[in-house]
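Mapping the sequence shown onto the working numbering, position 312 (from 1) lands on 312, and the numbers just tick up by one.
Some notes on the structure that comes next.
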Amino acid sequence: MSKVFVFGIDGAAPRLLFDEWLDDLPTIKRLITTGISAKLNSTIPPSTITAWNSMMSGRDTSELGVFSFTYKDKDGQTQIVNSNTIQCDRVWDILTQHGKKSIVLYNPLTYPVTPINGVMVSGFLALGPDSKSTSSQDITDKIKQFDHPDMFFDVAVGLGRHKALDTGELIKRVYTMTDMQLTLLKDFLINNEWDFFHSVMIGTDRLQHMLWHHFDEGHRKFIKDSLYKDALKNYYKYLDTKLAELITLLPEGTTTIVVSDHGMVGQKGKININNWLIDKGYLVLTDDAKNTIKEGKVRFKFEYVDLSKSKAFGAGAYNARIFLNKNVLDEEYQQFQEKLVEELKSIPDDTGNLLDTKVYTKEVYNNPDHPECPDITVYFDDLRWASNPDLGQEGLYSWQTAVGADSAGHARQGIFIIAGDTVQKQERIADIDIRQVAPTVLQLLDVPIPDTITVKPIILQ
């Protein structure tokens, strides 16, 4: 019976792993040349918490019920998502129903942990080593024994807090975090029984957001001869070496998958979407919000919107999630949506050049009536320009958000690599849908694919 080992690398980009740095990554290269690889089309939007969970459920964003890090509760207040926000089964839930054992480590949005047949240790958005972040007290105690348990789940607790770290300190913390995570991972790999082993390394995401302009000569803020020009590549080489060590520990016949949730692309700047909506007369803030932003930049909250007067408002980092207020628009909804789509496409960059902007309406989703489903999703310049929903920004363009700056953002395509006895060597195949990973795993483990998963497994033979 085949076992499946998934090694997730958050934000790994085809440009780097399939092309520019492939010869520096012998483990990745060997898996590619002996198996199958493909570019992976991520979710809409390609958000970390959305993409990993779509991958592990075979469902789209609207079926998950998660579109971003925040959502609006029944009282109209902004809340942070957690594992209870997810509205469908993930691979480990389905495997549990069929008596299979899973080890699930560091998958974003698994806090608080949920019961499975096996082991679960939370990932990104976990608050720290506590009873909700692991599936047993013994595991929590193991984490607390590390020298820096406060960095086990992320380099800094809180959304975007890594952006405030000095570059050298960030790199140091990423290695510290990853060493701890890999130590625990290896312990489970050696000492636990499992059919499915899934892990996610978040360190790549943290470094890429902050280091892209140190190595990419095409970046508008490129730093020539930077002290950190090889820092990201060196971290990938480190992961490649560690992956080789893990593969030697796998039971014979195990299928290995290396995958990312999305890619990365150098960022040219941010478009202050709510400033634009205010200037157009489409967004009206509450009096409380107007008073708050007099004191400086603040993160957008749904409760800042005057719903009695606003036609539209924006949320979401990197991509813009635009919500239309049907109570105000009423019968004008469709006409206004069409007008707004064209206006969004016409927003230029800060030099006046037209952008290659992609716009999606809610019809792209399987469940467009979900209350959190945005009416319009915008990728400014195909995500080379980010959206900034913060309030209190000056003008249309910015470099920093209320929590800091980054030099790269999420891109639409990640990577997928699979190798093992069950895989016929094909090397590069056509692009795959991120949702295809889940049914592929289930098929490899001889578990029936639920009817709720409508995408097909990847053809491996």
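For each residue, glycine too, the CB sits at the ideal point set by N, CA and C.
Our two residues, Gly-296 and Leu-391, have alpha carbons roughly 8 Å apart in a direct line.
Taking one beta carbon from each stretch, the region 158-175 and the region 202-212 have 3 or more pairs nearer than 8 Å; the two touch.
Assigned with DSSP and collapsed to three states, Asn-41 falls in strand.
Distance from the Cα of Tyr-106 is smallest, within the candidate group Tyr-235, Ser-310, Ile-202, for Ile-202. Residue pairing by DSSP places Glu-427 opposite Ile-36 in a beta bridge. Under the three-state reduction of DSSP output, Pro-348 falls in the strand class.
Here Val-200 is buried, its C-beta having at least 16 other C-beta atoms within 10 Å.
Counting only runs of at least 4 residues, the region 250-317 fully encloses the following alpha helix (DSSP H) elements, listed from N- to C-terminal order: 273-279, 287-293. Val-6 counts as buried, since at least 16 other C-beta atoms from the protein chains shown sit within 10 angstroms of its C-beta. Remark: C-beta atoms of Asp-195 and Lys-101 approach each other more closely than 8 Å.
Judged by DSSP secondary structure, Leu-105 falls within the beta strand (DSSP E) whose first and last residues are 102-105. For Phe-215, there is no enclosing beta strand (DSSP E); the residue is found in the alpha helix (DSSP H) stretching over 203-215. Taking C-alpha positions only, Ser-68 is separated from Ile-459 by approximately 31 Å. In the displayed model, Met-120 falls within a strand according to three-state DSSP. Within the DSSP bridge table, the entry for Ile-458 names no partner. Counting other Cβ atoms within 10 Å of its Cβ, Leu-354 stays below 16 and is therefore classed as exposed. Spatial neighbours of Leu-250 in its own chain (CB-CB distance under 6 Å, excluding positions within 5 residues in sequence) are listed in chain order as Phe-5. The region 111-127 makes contact with the region 147-155: 3 or more CB pairs, one atom from each, lie closer than 8 Å. Three or more Cβ pairs closer than 8 Å define a contact, and the region 377-394 meets that threshold against the region 319-326.
Between Ser-260 and Asp-10, the alpha-carbon positions lie close to 5 Å from each other. A contact is defined here as three or more CB-CB pairs under 8 Å, and the region 411-423 fails this definition with respect to the region 71-80.
Membership of Asn-388 in the beta strand (DSSP E) is indicated by the continuous run 385-388.
In the DSSP annotation of this structure, the continuous segment of the alpha helix (DSSP H) that includes Ile-143 starts and ends at 137-144. With fewer than 16 other beta carbons inside 10 angstroms of its own, Glu-245 counts as exposed. Going by DSSP, Gln-413 is part of the beta strand (DSSP E) stretching over 413-419. In this structure, the beta-carbon distance from Pro-112 to Asn-82 falls below 8 Å. The alpha-carbon separation between Asn-327 and Lys-309 amounts to approximately 9 Å. At least 8 Å separates the beta-carbon of Ile-32 from that of Val-423. Sequence-distant Cβ neighbours of Phe-313 in its own chain, meaning closer than 7 Å and more than five residues away, are Asn-274, Leu-277, Leu-283, Val-305, Phe-323. Secondary structure of Val-359 (DSSP, three-state): strand.
Trp-385 and Gly-269 do touch by the CB rule: their CB atoms are close to 6 Å apart, below 8 Å. Secondary structure note for Ala-13: it is in no beta strand (DSSP E), with a DSSP letter that is neither H nor E. DSSP places Lys-229 in the coil class of the three-state scheme, outside both helix and strand.
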